[in-house]
Amino acid sequence: MLSISVTKTTAPKAKPQKGAPLGFGHIFTDHMFVMDYTEGQGWHDARIVPFGALSLSPAAMVFHYGQEMFEGMKAYRGDDGKRYLFRPEMNARRANRSCDRLCMPEIPEEDFVQAVRELVKVDAEWIPTGEGESLYIRPFMIATDEFLGVAPSKTYLFLVILSPSGAYYESGLAPVGIWIEDEYVRAVRGGIGFAKTGGNYVASMIAQEKAHHEGYSQVLWLDGVERKYIEEVGAMNIFFKIDGKIVTPMLNGSILPGVTRDSVLTLCRSWGMDVEERRISVDELLEAQKAGKLEECFGTGTAAVISPVGKLRFEDEVMVINGGEIGPVSQKIYDTITGIQLGRVEDPFGWRVEF
Ligand code: COI
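Just so we're on the same page, our numbering is the position in the sequence shown counted from 1, plus 108.
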């Protein structure tokens with residue numbers, strides 16, 4: 109258990125006005141959590157302090173070799189007025205898997221969750237209550253050694269910041285158009301694709317720009333070797349309903365093991381649906397589409413929740429899915445997951461954590 113000192117701000121910021129659109133990731137609360145790591149000493153000086161700039165050496169290793177890990181989680185104000193987190197231990201566990209791959213120190217899972225809980229409690233009044241809104245939580249770790257050699261840092265900072273946010277995509281639940289990328293790749297097996305780290309996201313930006321230019325809002329990545337099999341969307345994992353079955357790419361080392369992905373698989377199985385985690389080729393999608401069997405497609409992610417896909421473009425082929433409308437299974441999954449998160453429906457899996 110961490111001993112966390114709390115220094116409250118003397119200049120609280122104005123909170124967003126109720127009803128005004130929050131967007132995603134633009135607004136930050138009054139406080140942040142900070143903790144230091146020093147080799148030989150471990151994690152120390154856990155503190156909640158006013159949100160503000162960091163002072164780092166320009167030689168800090170994070171700036172040069174990208175040794176950093178981040179997570180994404182949300183806190184909700186339930187319809188019953190209670191504060192909830194959603195499966196926070198899954199994020200703590202995934203953070204440590206990312207840290208292992210990136211040669212960064214692990215944080216005990218209970219300390220990670222405690223840091224998040226205590227910070228959200230201090231800024232609880234910032235949890236927004238509008239439809240589709242939540243307090244987005246961004247835990248992250250950076251390498252801070254003042255050193256230009258390529259080697260793991262010996263000192264780190266772990267921080268948590270909070271951002272009251274609405275839907276990740278401006279379109280909300282309206283289906284998005286997705287570009288299947290066949291020139292650039294995001295990750296390869298044996299690389300860092302499964303880790304939540306900035307490098308994976310910067311690798312995606314050039315294709316994202318290309319997709320935007322073509323009028324598509326996101327990129328769907330293919331595997332880096334054969335450039336044939338579906339991987340993920342970068343900010344989301346991807347699911348299809350093909351001929352009645354729910355199908356998603358299996359975790360193969362280059363795909364992010366999403367918490368929402370895992371929750372959707374568990375939910376669909378609990379409803380008795382046929383669920384498959386396996387390789388899915390673009391050709392299979394094109395054939396299913398031609399045969400009228402590509403029934404639904406949706407992305408899953410903490411920020412995006414469930415994001416229906418109305419259109420997939422691969423080279424010159426455009427696959428319109430369910431007439432460009434959200435499908436019934438996508439809608440049911442969205443309603444159930446958000447219902448569990450907000451305390452609106454029963455939580456048979458124990459995912460909702462009151463704190
Ligand atoms: C999340 O869904 O929390 C993510 O981290 C995706 C992010 C790139 C917005």
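Just so you know, even glycine gets a beta-carbon here, dropped at the ideal spot from N, CA and C.
Asked                                                                                              : Found
contact_flag[the stretch 161–171, the stretch 251–266] where n(CB pairs < 8 Å) is 3 or more        : yes
Entirely enclosed beta strand (DSSP E) segments - the stretch 315–373, minimum 3 residues          : 326–328, 345–350 and 353–357
Sheet register partners of V268 (DSSP bridge)                                                      : F141 and P247
Beta carbon of E339 nearer than 9 Å to that of P365                                                : no
Cutoff 8 Å; reference R201; Cβ partners in own chain excluding five residues on either side        : E217
G409: CB within 8 Å of a non-hydrogen atom of the ligand COI                                       : yes
Closer than 8 Å: Y276 CB and nearest the ligand COI heavy atom                                     : yes
Segment contact flag, the stretch 279–286 with the stretch 298–314, C-beta cutoff 8 Å, min 3 pairs : no
When V258, V453 and Q449 are compared against E241, the one with the closest alpha-carbon          : Q449
Cβ pair count under 8 Å reaching 3, the stretch 219–235 against the stretch 134–149                : yes
Terminal residues of the beta strand (DSSP E) in which S415 lies                                   : V413 to F422
Closest Cα partner of T237 within the set G380, C405, G451 and E214                                : G451
Close Cβ partners of F463 (< 8 Å) along its chain, the five nearest in sequence each way excluded  : R191, Y192, L193, R225, V228 and K229
For I350 and V417, the rounded distance between their alpha carbons                                : 14 Å
CA nearest to the CA of R155, picked from E289, P124, V258 and I269                                : I269
Whole-angstrom distance between G285 and G323, CA atom to CA atom                                  : 8 Å
Rounded Cβ spacing between D424 and L265 (contact assumed at less than 8 Å)                        : Between L265 and D424 the Cβ distance is about 48 Å, and since that is not below 8 Å, they are no contact.
Under 9 Å between C-beta atoms of G332 and V296                                                    : yes
F466 versus C405: straight-line alpha-carbon distance, rounded                                     : What the structure shows of the chain is the stretch from 109 to 463, and residue 466 is not part of that stretch, so it cannot be assessed.
The ligand COI heavy atom lying under 8 Å from the CB of G342                                      : yes
Cβ-Cβ distance between E176 and T305 below 9 Å                                                     : yes
Reduced DSSP secondary structure (H/G/I, E/B, other) of Y184                                       : strand
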